[in-house]
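To start, the structure itself, in structure tokens.
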Amino acid sequence: MDMIKLAKEIIEGRRLSEAEDLSFFEDCDLDDLLKGADMIRAHFNGDKVDLCTIINARSGKCGENCKYCAQSVHYKTNCEVYDFLDEEEILNNARENYKAGVDRFAIVTSGRALSGEEFEKCLRSFKLIRKECPGLGLCASLGLLSREQFEALKNAGVSRIHNNIETSPSFFPSICTSHTINDKLNTIENAKLAGLDVCSGGIFGLGESFKQRIEMALTLSKIDVVSIPINVLIAIKGTPLERMPHLEEDEILRSIAMFKYINPAANVRLAGGRILVDKAGKRAFNSGASASITGNMLTTSGYTIESDRRMLSSMHRELAKAAN
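Using the UniProt record's numbering, you'd call the opening residue of the sequence shown number 1 and step up by one each time.
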């Protein structure tokens, strides 16, 4: 397969689908694949890079059994455990990130969903941030919510929800049995019905095949997400996947580029596991990625906003500004 030719066809309007044999992504020339993905990124996203940051507003004590997650009560890990943070602490964190120049700020919580009291506290937090940090895009990652809850979040100033599908439909039962991928897809549909943009991606390196990564990319293309966070598993001691080996850098880059070919308009966003790609993910920004989570992740260390700004500046990339 001529990957440069395919990239040009995608720029001109072609879209890949599950009706096609896409197995060529697994063994096509890597340099051409990455170059083509960068062409697609330049056309659809330009040289602007969208930076977002998160606050883990409630940590641990999650009743779900996702095999990769340190926050599950089913596994013995060293995960920090605390209840929903005070509104002032969340606001102060948002202020700091706002002053540092990030585009978006997300409140993220562990568990299947928030209690009624916690959800109201979260709404108040978003309203405070909206008032004090004008122009900062607000995102929420709060579990499996109803359309009515998403409408309340939108009224509080949230413009985007985050809910990862984590992996392909065929592999999902291998990593979680306490909820299904359809539960996640229904949640995403609720958010879209409420008028919110959707950020949804997953994790590479859970034991899935490359074919199943293609399946995940196609699933995301069907639900028309605007942002696709890509995490790479860093196995955490105490979880069932603690002995899972790290993916090699070339495989990570191949997977990121493949996602860009299948989801050309979406921002492919570097998230957890960036440390496994050379120079804090720098190569990935030349392989289809156009966005990143900056700062610390939920249970792993990240990169500082300032270090990311320096890296992007050295690549002659600009920082994007959230539309809302």
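We put the CB at the ideal spot given by N, CA and C, even for glycine.
Can you grab the Cα-Cα spacing for the pair residue i / residue j, in whole Å?
i: Tyr68; j: Ala100; result: 31 angstroms
i: residue 353; j: Ser313; result: Past the boundaries of the shown model lies residue 353; the chain is included only from 1 to 324, so the question cannot be answered.
i: Met297; j: Val108; result: Model confidence at Met297 stands at a pLDDT of 49, short of 50, so the residue's coordinates are unreliable and nothing is read from them.
i: Thr299; j: Cys79; result: Its pLDDT being 47, under 50, Thr299 is placed unreliably by the model, and nothing is read from it.
i: Ile10; j: Ile262; result: 9 angstroms
i: Leu136; j: Tyr98; result: 7 angstroms
i: His43; j: Glu318; result: 15 angstroms
i: Cys66; j: Leu233; result: 13 angstroms
i: Pro173; j: Ala191; result: 23 angstroms
i: Gln212; j: Ala57; result: 32 angstroms
i: Leu6; j: Asp38; result: 12 angstroms
i: Glu88; j: Ile181; result: 35 angstroms
i: Phe24; j: Ile256; result: 15 angstroms
i: Ile275; j: Ala284; result: 11 angstroms
i: Ile214; j: Asp27; result: 13 angstroms
i: Glu249; j: Asp308; result: 19 angstroms
When DSSP labels each residue in this structure, what does residue i get in the three-state scheme?
i: Ile230; result: strand
i: Tyr68; result: coil
i: Tyr98; result: helix
i: His162; result: strand
i: Arg41; result: helix
i: Arg58; result: strand
i: Ser313; result: helix
i: Ala113; result: coil
i: Thr53; result: strand
i: Asp86; result: coil
i: Gly281; result: helix
i: Arg213; result: helix
i: Lys48; result: strand
i: Glu9; result: helix
i: Ala106; result: strand
i: Leu33; result: helix
i: Ser307; result: helix
i: Ile236; result: coil
i: Leu206; result: coil
i: Leu185; result: helix
i: Ser221; result: helix
i: Ala289; result: strand
i: Val318; result: First, the amino acid is wrong: residue 318 is Glu here, not Val. Correct three-state label for Glu318: strand.
Indicate whether at least one CB of chain D lies closer than 9 angstroms to the CB of residue i.
i: Leu128; result: Of the protein chains in this structure there is only one, and it is not chain D.
Tell whether a beta-carbon distance below 9 angstroms holds between residue i and residue j.
i: Gly143; j: Ala113; result: yes
i: Glu118; j: Phe84; result: yes
i: Arg160; j: Leu196; result: yes
i: Val198; j: His162; result: yes
i: Leu34; j: Asn286; result: yes
i: Leu193; j: Phe150; result: yes
i: Gly111; j: Gly63; result: yes
i: Asp21; j: Ile4; result: no
- Taking only runs that begin and end inside the stretch 118-152, name each unbroken beta strand (DSSP E) of 3 or more residues, in chain order. The stretch 118-152 contains, as complete beta strand (DSSP E) runs of 3+ residues, the segments 137-141 (chain order).
- Task: Pair every Cβ in the stretch 188-204 with every Cβ in the stretch 156-175, then say whether three or more of these pairs are closer than 8 angstroms.
- Result: yes
- Task: Report the residue ranges of all beta strand (DSSP E) runs contained in full by the stretch 244-274; include only those spanning at least 3 residues, in chain order.
- Result: 267-270
- Message: For the structure I just gave you, are there three or more beta carbon pairs, one from the stretch 48-64 and one from the stretch 282-293, closer than 8 angstroms?
- Response: yes
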